[in-house]
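Protein chains in written order, with the numbering used here: chain A, 1487 to 1843; chain Z, 1487 to 1843.
Single-structure report; data block below.
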DNA sequence: TTGTAAGCGTTATCAG
DNA sequence: CTGATAACGCTTACAA
């Protein structure tokens, strides 16, 4: 391994000077700098990150705690995180799938000293206490968690509003017998979507509308199974809202396999608006979520919390969602792909800032 | 920040002893250990990773260089990498989207000292020289790169064979006018799939079969556009092979929008077998690839290269692919979802091991 | 503008 | 079984 010492020797300067050249931290004579740069280039030297973070106590890396789930939504979030982080020259250390609190603790602990802050995603309430503890070691930003922590920023999605809008939409289309395929237990996005959908129905007056709730876990196959369950019931719903697009695809696959036509025989709606949604057959009516943007925001909030001048300010951002009406629910939406987006009526991106002390 | 010193003082022992307790590196008296554990617990101490890797010159982390592309395939690969790494208590430092060689170099350099090895994915040939240079700093495993580097393990997919099988399948179904939607320029997977498909057609005797090649970039929308291009041509193909499933979805969306039925009016096939493929309408005939498994293999190869006893051995693994015949090409495949998989005829997972010296 | 040297939090060697 | 102490590679006062 070639160290700063080697470069210093080769260039005939002290290690301090080499360091200054690489950090542009102080003026260095042009000629000296040149010697250093040349020597470093020849030796193929680059500063050791671990040593650097030990002295500066800054790692220029952020940790990302992902949920067990995967698929396009999370892949988009990571992309957003990665891009935003790279722009500020930060690296990202990711860790996913934590079976329980112990694994989660282990994962975060092992990041100790390697990250300047943490983005924690889609944790359930039981993890709140753990996160609160981590917070003493470094700043944290919460993403899609149901809980908030005082002094900690968070980003999330207007799940409730999006699902509410979808409920209203389906009701407006004249559906009375509705069903929802729920997401995984303990998942906040899933719970909020359920709440929002229920609310739309309650508001419509329960007597006139029925709602069947079927379990799901955000996977296509769980959507497929949910459809089978629904078809077994004596009175089949006329519209099914899946708590995410993957399950909606599973639903549509199952209905088609049973010879039902979507939307003529049964309407299907999803949530997330994954890239494929507009190309499905039929194109999927869903709730648009900007996952990429959400990832970027999480990074920006985290970086802001590193900055001493804004350190004590905390923000709670809720990203707007909006209905995207396509053909899977049978409304007369435009036929062409790629032109159907329209702003939703209620959900607005929201930012609440609090300054402590 | 609480350090090993604090714990040592609190427990009335030396830092060496605390270190021994945390590393289980040497026998420590049960009572002493207890004192240390209690003190550490009370202070909420955990070793600093940077300091640790500085002394041990091991970071217990692996770097992952991702391509600009995204979507389910890569998200699956990462999942596979993450799981395998976590099993061995390794962390992963990811970096994606490198516009050019300079960005790539910068990304890898900044990992210096923070990773024990690197998984480099889907790089084009121009990056081969860069990687060769990195190799002097730490072991590298190549994933889905066209090139090989002596002394470096690699994992890839039987793209050629998969596409060849698909070509044969379409020909066997009686198609004479074929089209392929290609993947991004410089992408090896895309190039191999093109080669394999061409080969199947050449083998069939060029005179009888025509092949139109349309550009694409692995995105749904590029598939959509490709379909529009194809439909403008005077003699429309009877079957279109998309170099990945996302583009196949775009194709199907476009054909349906134009009032064509798949597969009755035109057959569509894909590559990758993403989770959704079997639930699409119609279910997509495609080539199955185990992305998750590929990620895991890359990790295992990398970890093997850390082990001094196997250090000098190098493996080249090619993961088998196999045709998954569903309904988008009109063959009489089973109607039910989830039961259609069958092993391909040619592609076999392959492992070539070389021991140097 | 440059060099000296202390120190960042660990681990590992060597005595005891 | 335990403790001193010298690294590890770098940054950063402080001096020159």
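Every residue gets a Cβ at the ideal spot worked out from N, C-alpha and C, and that includes glycine.
Predicted model only: the values in this text are computed from it and were never measured.
Could you check whether residue j and residue i sit closer than 9 Å to each other, using their CB atoms as the reference points?
{"i": "residue 1666 of chain Z", "j": "residue 1657 of chain Z", "result": "no"}
{"i": "residue 1776 of chain A", "j": "residue 1810 of chain A", "result": "no"}
{"i": "residue 1690 of chain Z", "j": "residue 1650 of chain Z", "result": "no"}
{"i": "residue 1488 of chain A", "j": "residue 1521 of chain A", "result": "no"}
{"i": "residue 1756 of chain A", "j": "residue 1728 of chain A", "result": "yes"}
{"i": "residue 1709 of chain A", "j": "residue 1677 of chain A", "result": "no"}
{"i": "residue 1597 of chain A", "j": "residue 1535 of chain Z", "result": "yes"}
{"i": "residue 1706 of chain A", "j": "residue 1764 of chain Z", "result": "yes"}
{"i": "residue 1713 of chain Z", "j": "residue 1698 of chain Z", "result": "no"}
{"i": "residue 1735 of chain A", "j": "residue 1715 of chain A", "result": "no"}
{"i": "residue 1794 of chain A", "j": "residue 1599 of chain Z", "result": "no"}
{"i": "residue 1717 of chain Z", "j": "residue 1688 of chain Z", "result": "no"}
{"i": "residue 1684 of chain A", "j": "residue 1637 of chain A", "result": "no"}
{"i": "residue 1737 of chain A", "j": "residue 1766 of chain Z", "result": "no"}
In the DSSP output, what is residue i paired with across the bridge?
{"i": "residue 1727 of chain Z", "result": "Z:1666, Z:1755"}
{"i": "residue 1577 of chain Z", "result": "Z:1547"}
{"i": "residue 1603 of chain Z", "result": "Z:1548"}
{"i": "residue 1655 of chain A", "result": "In the DSSP output, where bridge partners are listed per residue, residue 1655 of chain A has none listed."}
{"i": "residue 1555 of chain A", "result": "Note: residue 1555 of chain A sits in no beta bridge, so no partner."}
{"i": "residue 1803 of chain Z", "result": "Z:1641, Z:1837"}
{"i": "residue 1699 of chain A", "result": "A:1666"}
{"i": "residue 1808 of chain A", "result": "A:1774"}
{"i": "residue 1626 of chain A", "result": "A:1604"}
Out of curiosity, what's the CA-to-CA distance linking residue i and residue j?
{"i": "residue 1506 of chain Z", "j": "residue 1524 of chain Z", "result": "15 Å"}
{"i": "residue 1607 of chain Z", "j": "residue 1694 of chain A", "result": "56 Å"}
{"i": "residue 1580 of chain Z", "j": "residue 1696 of chain Z", "result": "43 Å"}
{"i": "residue 1722 of chain A", "j": "residue 1768 of chain A", "result": "20 Å"}
{"i": "residue 1749 of chain A", "j": "residue 1808 of chain A", "result": "21 Å"}
{"i": "residue 1540 of chain Z", "j": "residue 1796 of chain Z", "result": "25 Å"}
{"i": "residue 1577 of chain A", "j": "residue 1619 of chain Z", "result": "21 Å"}
{"i": "residue 1586 of chain Z", "j": "residue 1663 of chain A", "result": "54 Å"}
{"i": "residue 1538 of chain A", "j": "residue 1604 of chain A", "result": "20 Å"}
{"i": "residue 1559 of chain A", "j": "residue 1770 of chain Z", "result": "22 Å"}
{"i": "residue 1616 of chain Z", "j": "residue 1628 of chain Z", "result": "13 Å"}
{"i": "residue 1510 of chain A", "j": "residue 1516 of chain A", "result": "12 Å"}
{"i": "residue 1772 of chain Z", "j": "residue 1575 of chain A", "result": "39 Å"}
{"i": "residue 1512 of chain Z", "j": "residue 1573 of chain Z", "result": "24 Å"}
{"i": "residue 1742 of chain A", "j": "residue 1813 of chain A", "result": "15 Å"}
{"i": "residue 1747 of chain Z", "j": "residue 1747 of chain A", "result": "15 Å"}
{"i": "residue 1609 of chain A", "j": "residue 1564 of chain Z", "result": "20 Å"}
{"i": "residue 1490 of chain Z", "j": "residue 1490 of chain A", "result": "27 Å"}
{"i": "residue 1774 of chain Z", "j": "residue 1542 of chain A", "result": "48 Å"}
{"i": "residue 1806 of chain Z", "j": "residue 1588 of chain A", "result": "37 Å"}
Apart from the five residues on each side of it in sequence, which residues of its chain come closer than 8 Å, Cβ to Cβ, to residue i?
{"i": "residue 1562 of chain A", "result": "1777, 1778, 1781"}
{"i": "residue 1704 of chain Z", "result": "1555, 1557, 1669, 1670, 1673, 1676, 1729, 1730, 1732, 1733"}
{"i": "residue 1844 of chain Z", "result": "The structure shown has nothing for residue 1844 of chain Z, since chain Z only spans 1487 to 1843."}
{"i": "residue 1659 of chain A", "result": "1725, 1753, 1815, 1816, 1817"}
{"i": "residue 1593 of chain Z", "result": "1551, 1581, 1584"}
Closer than 8 Å to a non-hydrogen atom of the ligand SAH - does that hold for the CB of residue i?
{"i": "residue 1695 of chain Z", "result": "Here there are no bound small molecules, and the ligand SAH is not part of this structure."}
Pick from the options: whose alpha carbon is nearest that of residue i?
{"i": "residue 1661 of chain A", "options": "A:1604, A:1725, A:1543, A:1707", "result": "A:1725"}
{"i": "residue 1786 of chain Z", "options": "Z:1532, Z:1626, Z:1551", "result": "Z:1626"}
{"i": "residue 1847 of chain Z", "options": "Z:1774, Z:1804, Z:1751, Z:1795", "result": "Lying outside 1487 to 1843, the shown extent of chain Z, residue 1847 of chain Z is not represented and no answer is given."}
{"i": "residue 1569 of chain Z", "options": "Z:1617, Z:1731, Z:1783", "result": "Z:1783"}
{"i": "residue 1621 of chain A", "options": "A:1647, A:1549, A:1646, A:1653", "result": "A:1549"}
{"i": "residue 1836 of chain A", "options": "A:1754, A:1644, A:1702, A:1655", "result": "A:1644"}
{"i": "residue 1531 of chain Z", "options": "A:1516, A:1538, A:1560, A:1591", "result": "A:1591"}
{"i": "residue 1571 of chain A", "options": "A:1737, A:1770, A:1788", "result": "A:1788"}
{"i": "residue 1552 of chain Z", "options": "Z:1771, Z:1747, Z:1613", "result": "Z:1613"}
{"i": "residue 1595 of chain Z", "options": "A:1510, A:1527, A:1702", "result": "A:1527"}
{"i": "residue 1655 of chain Z", "options": "Z:1611, Z:1638, Z:1610, Z:1682", "result": "Z:1682"}
Beta-carbon within less than 7 Å of residue i's beta-carbon, same chain only, minus the 5 sequence neighbours each way: which residues are those?
{"i": "residue 1838 of chain A", "result": "1801, 1802"}
{"i": "residue 1514 of chain A", "result": "1503, 1506, 1507"}
{"i": "residue 1583 of chain Z", "result": "1554"}
{"i": "residue 1601 of chain A", "result": "1545, 1547, 1548, 1549, 1579, 1624"}
{"i": "residue 1518 of chain A", "result": "1499, 1503"}
{"i": "residue 1566 of chain Z", "result": "1777, 1778, 1779, 1780, 1781, 1782"}
{"i": "residue 1739 of chain A", "result": "1710"}
For residue i, which residues from the same chain have a beta carbon less than 6 Å from its beta carbon, with the 5 sequence-adjacent residues on both sides left out?
{"i": "residue 1642 of chain A", "result": "1630, 1804"}
{"i": "residue 1639 of chain Z", "result": "1627, 1787, 1800, 1801"}
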